[in-house]
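Undergrad: Line by line, the protein sequences are chains A and B. If you read the first sequence in the working numbering, its first letter stands for residue 8, the second for the next number, and so on. If you read the second sequence in the working numbering, its first letter stands for residue 8, the second for the next number, and so on.
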Amino acid sequence: MTNRTARRLLGGLAVAVAIVWAFPIYWMVNSSLLPNTTLQSFVPTFVPFGGSLGNFREALADGSFYAALGMSVSITLIAVFFCILFAFLAAVAISRFRFRGRKSFVIAVLIVQMLPAEGLFIAQYKMVSSAGLLDSVIGVSIIYVAAVVPFTVWMLRGFVAGIPVDLEEAAMVDGLSRFGAFMRITFPLLAPGLVASGVYAFLQAWNEFTVALVLLPSEAAQTLPLWLRGFVQASATRETDWGQVMAASTLVAVPVIVFFLIVQGRLTSGLVSGAVKG
Amino acid sequence: MTAPATAPPASAAPPPPRDAAPSLERRRAIRGPYLLLLPAIGILLVGMGYPTVWQVVTSLQEFGLQQQFGRPAPFIGFENYAALATNAQFWGVVLKSIAFCLITAVVTLVVGIALALLMNAVARAPRLILQIALLLAWSMPVVAAMTVWIWLFDRRRGAVNYLLDAVPGIDMNRFNWLESPSTFFAVASIIVIWMSVPFVSFSTFAGLTQISGEVMEAAALDGASSWQRVRGIILPMIRPVIAIVFLLQIIWDLRVFTQITMLQDAGSKSGEFDLLGTFIYKLGTKSQDFGMASAVSILVLGITIALSWFYIRGLVKDDET
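(1) Are the C-beta atoms of residue 98 of chain B and some chain A residue less than 8 Å apart?
(2) Report the residues of the stretch 147-162 of chain B with a CB closer than 8 Å to any CB of chain A, ordered along the chain.
(3) At 7 Å on the CB atoms, spell out the chain B contacts of residue 78 of chain A, in chain order.
(4) Consider the Cβ of residue 62 of chain B: report whether some Cβ of chain A lies at a distance smaller than 8 Å.
(5) Using CA coordinates, which residue listed in A/208, A/218, A/210, A/167 is at the minimum distance from residue 192 of chain A?
(6) Determine the DSSP secondary structure at residue 74 of chain B, reduced to helix, strand or coil.
(7) Give the residues of chain A in contact with residue 264 of chain B, contact being defined as C-beta atoms less than 9 Å apart.
(8) Are the CB atoms of residue 107 of chain B and residue 196 of chain B nearer to each other than 8 Å?
(9) Counting only beta-carbon atoms, is residue 53 of chain B nearer than 8 Å to chain A?
(10) Expressed to the nearest angstrom, what Euclidean distance is found between the alpha-carbon atoms of residue 41 of chain A and residue 32 of chain A?
(11) State the beta-bridge partners of residue 68 of chain B as determined by DSSP.
(12) For residue 310 of chain B, collect the residues of the same chain with a Cβ closer than 6 Å to its Cβ; drop the 5 residues on either side in sequence, then sort them by chain order.
(13) Could you work out which residue in B/152, B/230, B/167 is closest to residue 203 of chain B when comparing CA atoms only?
(14) Quick check: residue 61 of chain B and residue 134 of chain A, are their CB atoms within less than 8 Å of each other?
(15) With three or more beta-carbon pairs closer than 8 Å as the criterion, would you say the stretch 243-262 of chain A touches the stretch 120-130 of chain B?
(16) So which residues of chain B does residue 85 of chain A contact, with C-beta pairs closer than 8 Å?
(17) When you compare the CB positions of residue 148 of chain B and residue 29 of chain A, do they come within less than 8 Å of one another, or not?
(18) The alpha helix (DSSP H) spanning residue 268 of chain B covers which residue range?
(19) With 16 other CB atoms within 10 Å as the buried threshold, where does residue 28 of chain B fall?
(20) Tell me where the alpha helix (DSSP H) around residue 244 of chain A begins and ends.
(21) Under 8 Å, with one C-beta from each stretch per pair, do the stretch 302-319 of chain B and the stretch 111-129 of chain A reach the 3-pair mark?
(22) Residue 29 of chain B CB to nearest chain A CB: under 8 Å?
(23) To the nearest angstrom, how far is it from the Cα of residue 215 of chain B to the Cα of residue 132 of chain B?
(24) Note down, one range per segment and in chain order, each alpha helix (DSSP H) of at least 4 residues found wholly within the stretch 198-250 of chain A.
(25) Secondary structure at residue 164 of chain B, three-state DSSP: helix, strand or coil?
(26) Within 10 Å of its beta-carbon, does residue 1 of chain A have 16 or more other beta-carbons around it, so buried, or fewer, so exposed?
(27) Exposed or buried, which one is residue 210 of chain B when buried takes at least 16 other CB atoms within 10 Å?
(28) Taking 8 Å as the CB-CB cut-off, is residue 146 of chain A touching chain B?
(29) Sorted by chain position, which residues of the same chain lie with C-beta nearer than 7 Å to residue 336 of chain B's C-beta, five sequence neighbours on each side aside?
(30) Roughly how many whole angstroms lie between the Cα atoms of residue 58 of chain A and residue 266 of chain A?
(31) Taking only the alpha-carbon atoms, compute the straight-line gap between residue 185 of chain A and residue 102 of chain A and give it to the nearest angstrom.
(32) Whole alpha helix (DSSP H) runs in the stretch 231-301 of chain B with 4 or more residues, listed along the chain?
(33) Okay, do the stretch 267-283 of chain B and the stretch 88-105 of chain B touch, 3+ Cβ pairs below 8 Å being the bar?
(34) Looking only at its chain, what residues have a beta carbon closer than 7 Å to the beta carbon of residue 89 of chain A, apart from the 5 residues adjacent to it on each side?
(35) Could you work out which residues of chain A lie near residue 326 of chain B, taking near to mean beta carbons separated by less than 7 Å?
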């Protein structure tokens, strides 16, 4: 076997793996476009010829999608804004200053970032319910900011450290105050980092399921992931309308996929930085 | 000696301000970083710190149904933990969680590294196709991914049963995957692997691109087979990446609450299908036993921190350089 045919065979294998990996997503979109009568058949339809948007209309019909969308948008906006603000300040502190307790803060941030929601949600439920904030945007947002701030601090720390202090100092020599130098020189250079961490925080808050499930028990206060889960839960009592469920999944997934594709390069480098370099 | 004489009036007055000025500035410089950290520390204390402390305290209390209605919770020492130690169901859940986590993480790692090697070996076009497919899977929100996979594994009309049934000699018609714990967890594992492989592949691939072509060429000239090159050069060189990725996978595969909860929605909610996350959730919501739920939570937090320690140590070292 020559080297070239081996390479071709491997190329074919790579495409085959790609097809297998993308299949579930294709299947989601495919099923969302097929009428329920087609989906009822025991032979799956692999291409949505003659498909329609009827499933999307049905999934949106009772208005619960818009309520959940509103809830998700408000929680995500609040969480992203405060997360970025707090994380930005903390990132400046740990990458521009040397002070006592800096290392402890860095370690604490890294530990908190690792803690699973499953290990804390009972206490968070108790805390939020005794504050009277169950089913409220604020209760969930507080937990989201606390959960996402650590990794965002870590991500932004890299960005801030990547901007040479010399630039700021040069601006200070030219007569700007330290704050002025920071705002006019470093801050603009930091914009890509802020956008990347903002999208990261968006993805975390938008997709979160566990904390939302515990802190938003009422059906009137669902976020999009809880709304989507409702379709699967309903399948326990009646025949599932899979076309509608897949339409709902498509509605939830598409904005996330778009945002994710924008930010992914930054994400990987943040998680394994150091290891790749060394 | 002569200096004071040349400027006697100035020598007396300036020292105090000159002394005060730097110390004031230094004090401000010292206070600066703490002020910047204040909001982050504040929200962490409220959202994470207080719940952790509350959980530690509650795990030492009897906190059941009566306490939910306002009865004061008596301290009972380590009784909750002692009760857990002798609870067979709890040990079953712990063993299942560890087995699920290890098997899933190992398979994810093997498949992920294999795909990274594949990306490295093929021409540009097939590599790009593979990368796009993996990115799509990676970007799927977990709840949406779960609904799709539940539909794929649907007993009667799912594509998986249809495709398997089409293979001669295999009868999978109406096979219910979610009925027995072994196939239930196999499905959960497949879904988690599908979602986590892209991260492993991209991280490993990033590591592979750092290996210089010259080394590989030299090895090939010396007659090393491609498998020898993988084992002798590539794997040792990407070991640091693999170590971190494996650790993260283990930690992430311990927190599969969403996946298990949604599979239970589609299948059965019975205790046989629980892992640690759903076990805690049921202790809290069904039995309302917050004392016991807190004790299990503390164990989960402890395991996570112990496992994360190596990862964190590496990152802190990286931070100091």
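C-beta atoms are modelled at their ideal positions from N, C-alpha and C, and glycine is treated no differently. Here the structure is a predicted model, which is why all the values come from computation and not from measurement.
TA: So, from the listed chains and residues:
(1) It does not: the Cβ of residue 98 of chain B has no partner Cβ on chain A nearer than 8 Å.
(2) 147, 148, 149, 150, 151, 152, 153, 154, 155, 156, 157, 158, 159, 161
(3) Correct list: empty, because the minimum Cβ distance to chain B is about 14 Å.
(4) Yes, residue 62 of chain B lies at the interface with chain A (some Cβ there is under 8 Å from its Cβ).
(5) A/167
(6) helix
(7) Against residue 264 of chain B, the close residues of chain A are 123, 124, 125, 128, 216, 217, 220, in the order they occur along the chain (beta-carbon pairs closer than 9 Å).
(8) yes
(9) yes
(10) 15 Å
(11) Beta-bridge pairing links residue 68 of chain B to B/82.
(12) none
(13) B/152
(14) yes
(15) no
(16) Correct list: empty, because the minimum Cβ distance to chain B is about 12 Å.
(17) No. Outside cutoff.
(18) 264-273
(19) Unreliable positioning characterises residue 28 of chain B in this predicted model, as indicated by a pLDDT of 46, which lies under 50. A coordinate reading is not provided.
(20) Per DSSP, residue 244 of chain A belongs to no alpha helix (DSSP H) and is neither H nor E.
(21) Three or more beta-carbon pairs drawn from the stretch 302-319 of chain B and the stretch 111-129 of chain A are found closer than 8 Å, and the two stretches are therefore classed as touching.
(22) No answer about residue 29 of chain B holds up, because its pLDDT of 48 lies below 50 and its placement is not dependable.
(23) 18 Å
(24) 217-222, 231-241
(25) coil
(26) Any answer about residue 1 of chain A is impossible in this case: the structure gives chain A only from 8 up to 285.
(27) buried
(28) no
(29) Because chain B is modelled from 8 through 328, residue 336 of chain B falls outside the range shown and cannot be assessed.
(30) Taking the straight line joining both Cα atoms gives about 27 Å.
(31) 15 Å
(32) Counting whole runs of 4 or more residues, the stretch 231-301 of chain B contains the alpha helix (DSSP H) stretches 233-236, 246-261, 264-273, 283-292.
(33) yes
(34) Cβ neighbours of residue 89 of chain A beyond the five flanking positions: 152.
(35) 113
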